Amino acid sequence: MVQRIYRPRQHARTAVPSSPSVPKIEMKLSSLPTTSRTSHTNRERPFRGRVFRRSEKISSKKQGSLRIAVLGGCEEVGRNCTLLEYDDDIIIIDMGLEFPGEEMPGIDYIIPNMSYLKGKEKNIRGVIITHAHYDHIGGIPHTIPQIGNPPLFGLPLTAAIIKKRQTDFETKPINMNVVKLNETLQLGKFRILFFHINHNIPDSVGVVIETPIGTICHTGDWKFDFHPVGTERADFQRIAEIGRKGVLVLLGDSTNASKPGHTPSEDDIGKNLEQIIKQAPGRIIVGTFASLLSRVKQVIEISESLGKKIAMDGYSMKTNVEIAKALGYIKAKSNAFILPEHIHQYPDNKVVFLCTGAQGERNAALHRIATNEHRFVRVQKGDTVIFSSSIVPGNEASVQKLKDTLYRKGAKVIHYQMMDVHASGHAYKEDIKLLLALIQPKYYIPIEGNHFLLRENAEIAYSMGWKEDQVLILDNGQVVECQNDKITATKEKLPTDYVFVDGLGVGDVSQVVLRDRKVLAEDGMVVIIVQIDRKTGALVASPDIISRGFIFMKENRELIEATRKHIKALIANKDSKSEADTDYIKNTIRNEMGAFLFKKTERRPMILPVILEV
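Now the structure itself:
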């Protein structure tokens, strides 16, 4: 087993022997191995068991306590980020984003709150990334600079996607380190090992963290697939060996904990996709996530085997395919691909168009195709459109509207509720039972899901014999203390307030701003412009009123005149012997006119008074 030792920065109280500083690994696609599948065999990575042995001169006396806190992912699907802290050593697992809900107009996404780490940057030994989905890597460009640019660790595909995304943001270079599945990292007092697990993107791993208190295991996103695509089956022998060595705490994915049975295999999905692509009379248009590389691989390789040409659209789709081809995860000849503008040069039944937008996103390729806004592709009768993804909660209406548009234009639409054209990357109930049976943790902490999913995950553990005091259901930021082989969910909570990313702004959008945006979206605004005498505060001219998103002024002249009359009455009540107080006038207009318009319309628009002194 390969071992890397990372010397803690500016920290002398480490039990790790001194070693030269580790150079930053500059990763180039041309220098990366063509595949990592060979590293999945047991012969190449024997498990060495516990690492805190007397021969390593680490004191057997357990001092201090281990603190675990989930900074994101225990109240939502997304924003996944877990922190572990022992004495002056800190590691972080994943640093993802969460997509906004309808109540967050204008917000691009939400990232983990790093404020707890302010002043502790020198203690952060590393950030471990389990896989390359945005809900696990999306926060990196924004959060890593805030916490002192610590080293990041991920398998080849994960590292390549992170580095490519970093260049898109044009930020400072990050300290991205490529690790192998059989590699061991020593980060301060934490010793990190990996185990292969199935998901719907290659190079997905679970993480084992060995500490002076005990062994912690983090599953990342996972499922068991006996017929996976582009990778090997989960390493059951290694997982069982980890369990036999003893696991104090298992943190487990809850995303599909409410679904009975076993997660469908990617192989079954591939067979269905092959039949659809083979039998379709016209063009095939496949909408899916750009990061769902197992599915993208299937579509590309099936299409090539059937003699069809593949066109792609969507920046992230093309980028991820390029990376996956360079690393050997997608095997297809260059002449199998054509540009979108060239699809009309081929018979319809020889074209497969692969794109993003299966969630109904307005700017994505599939939506532009459906609404005739795409530069090269229009939906036509005889097309078959495959939605090869499940619907993210909150996107139901936009997805249904997109389907309706496609149906109206004569396309045949196939989605996962009609037949198996999508398999989740997350474990169902029976898979979770098997993982618990293999690892046999002393304590279980469900993570990665809404609260009801954490509860469903806990119920699975109860059914397997775990007691209620052995299963901890946490809120974001709630600190768990581990000491002397016992763990306790404390009342301490680290900051986990939403950090909004809005365009180029990070964290500069507050709840007040969101509230204003909601008011503008729901009730509109009214601008009231008044001219007053600077010395007396008397009204000089009739007030001007501008409505945006509240009423159509030409059809509501009576209301406008009543509003103008009410404003004049407010200004007339001002004491003419005293100087104008513009702040007082603004507040009076804002409060009084808000109440007046609500009484007239039962809507409360945003009132923006503009005072001109003359």
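In the UniProt record's numbering, the protein residues as written are 1 to 614.
Glycine included, each C-beta is placed from N, C-alpha and C at the ideal position.
Note that the structure is a prediction, hence the values are computed from the model and not measured.
Is there contact between the segment 238-252 and the segment 311-331, where contact requires at least three CB pairs shorter than 8 Å?
-> Counting Cβ pairs under 8 Å, fewer than three are found: no touch.
CA nearest to the CA of Phe337, picked from Gly328, Tyr329 and Lys350 = For the residues Gly328, Tyr329 and Lys350, the minimum Cα distance to Phe337 belongs to Lys350.
Rounded straight-line distance, which links the Cα of Ser303 to that of Lys493 | Looking at the two C-alpha atoms, the distance is approximately 51 Å.
According to DSSP, is Tyr329 helix, strand or coil?
-> DSSP places Tyr329 in coil when its eight states are reduced to three.
Which of the three DSSP states, helix, strand or coil, is assigned to Gly298?
-> It is Gln, not Gly, that sits at residue 298 in the sequence shown. Correct three-state label for Gln298: helix.
May I have the straight-line CA-CA distance separating Gly230 from Ile300, to the nearest angstrom?
-> Pairing Gly230 with Ile300, the inter-Cα distance amounts to about 12 Å.
DSSP beta-bridge partners of Asn177 = Looking at the DSSP assignment, Asn177 forms a beta bridge with Phe153.
Ignoring anything shorter than 3 residues or poking outside the segment 189-226, list the beta strand (DSSP E) runs there in chain order.
-> Correct list: 190-196, 205-210 and 215-218.
Cβ shell of Leu155 (< 6 Å), same chain only, five flanking positions each side left out = Here the set comprises Asp203.
Would you be able to state if there are at least three C-beta pairs under 8 Å between the segment 261-270 and the segment 424-443?
-> Yes, the segment 424-443 is in contact with the segment 261-270.
Helix, strand or coil at Pro441 [DSSP, three-state] = The answer is coil: DSSP assigns Pro441 none of H, G, I, E or B.
If Ile276 and Thr384 are in contact, beta carbons under 8 Å, what's the gap, nearest whole angstrom?
-> Indeed, because the Cβ distance is near 7 Å, the residues count as touching under 8 Å.
Look at Asn113 and Leu71 and say whether their C-beta atoms are less than 9 Å apart.
-> Yes, these two residues count as a Cβ contact at 9 Å.
Length of the line joining the Cα atoms of Ile532 and Leu570 | Taking the straight line joining both Cα atoms gives about 12 Å.
Please report the residue range of the beta strand (DSSP E) in which Ser547 lies.
-> Residues Asp544 to Arg548.
Give the C-beta separation of Glu210 and Arg238 to the nearest angstrom, bearing in mind that I take them to be a contact with Cβ-Cβ under 8 Å.
-> Contact flag wrong, Cβ pair sits at about 14 Å.
Of all the alpha helix (DSSP H) runs that stay within the bounds of the segment 331-372, which reach a length of 4 or more residues?
-> Listed in chain order, the alpha helix (DSSP H) elements of length 4 or more contained wholly in the segment 331-372 are 365-370.
Would you mind working out which of Gly307, Glu361 and Lys429 sits nearest Asn335, comparing C-alpha positions?
-> Scanning Gly307, Glu361 and Lys429 for the CA closest to the CA of Asn335 turns up Gly307.
Give the secondary structure of Pro141 by DSSP, where H, G and I count as helix, E and B as strand, and everything else as coil.
-> Secondary structure at Pro141: helix, using DSSP grouped into helix, strand and coil.
Contact between the segment 272-291 and the segment 471-484 (3+ Cβ pairs under 8 Å) | No, they do not touch.
Quick one: using the 10 Å Cβ neighbour count with 16 as the cut-off for buried, is Tyr116 buried or exposed?
-> The residue is buried, with at least 16 neighbouring Cβ atoms inside 10 Å.
Runs of alpha helix (DSSP H) wholly within the segment 80-104 (minimum 4 residues, chain order) | Entirely contained in the segment 80-104, not one alpha helix (DSSP H) run reaches 4 residues.
CA-to-CA distance, Val207 to Leu434, given in whole angstroms | A direct Cα-to-Cα measurement between Leu434 and Val207 gives close to 18 Å.
Would you list, in sequence order, the uninterrupted alpha helix (DSSP H) runs of no fewer than 4 residues that lie entirely inside the segment 439-481?
-> Look at the segment 439-481 and you find these whole runs of alpha helix (DSSP H), each 4 residues long or longer: 451-463.
C-beta contact flag for Phe236 and Leu438 at 9 Å = Yes, they are a contact pair.
Cβ-based neighbour list, Lys599, same chain, cut-off 6 Å, excluding 5 preceding and 5 following = Closer than 6 Å at Cβ, skipping near neighbours: no residue.
Proximal residues to Gly477 (C-beta, below 7 Å), its chain only, five neighbours per side dropped = Within the same chain, Gly477 has close Cβ partners Ala69, Leu71, Lys493, Leu494, Pro495 and Thr496.
Reducing DSSP to helix, strand and coil, say where Glu592 ends up.
-> Note: Glu592 maps to helix in three-state DSSP.
Would Pro605 be called buried (16 or more neighbouring beta carbons within 10 Å of its own) or exposed?
-> Per the 10 Å Cβ criterion, buried.
Per DSSP, Tyr109 forms a beta bridge with which residues?
-> Its beta-bridge partners are Val501.
Could you tell me the distance, in whole angstroms, from the CA atom of His367 to the CA atom of Leu402?
-> Distance between the alpha carbons of His367 and Leu402 is about 7 Å.
Report the residue from Leu181, Val321 and Gln166 whose alpha carbon sits nearest the alpha carbon of Asn175.
-> Considering only alpha carbons, the answer is Gln166.
Can you tell me the Cα-Cα spacing of Asn395 and Glu373, whole angstroms?
-> Here the C-alpha atom of Asn395 lies approximately 21 Å from the C-alpha atom of Glu373.
Is there contact between the segment 462-476 and the segment 287-298, where contact requires at least three CB pairs shorter than 8 Å?
-> Verdict: no, contact absent.
Reduced DSSP category for Gly270 - H, G, I as helix; E, B as strand; rest coil | The three-state secondary structure of Gly270, taken from DSSP, is helix.
Flag this pair as yes or no: are the beta carbons of Thr219 and Val247 separated by less than 9 Å?
-> In this structure, Thr219 sits away from Val247, with a CB-CB distance that is not shorter than 9 Å.
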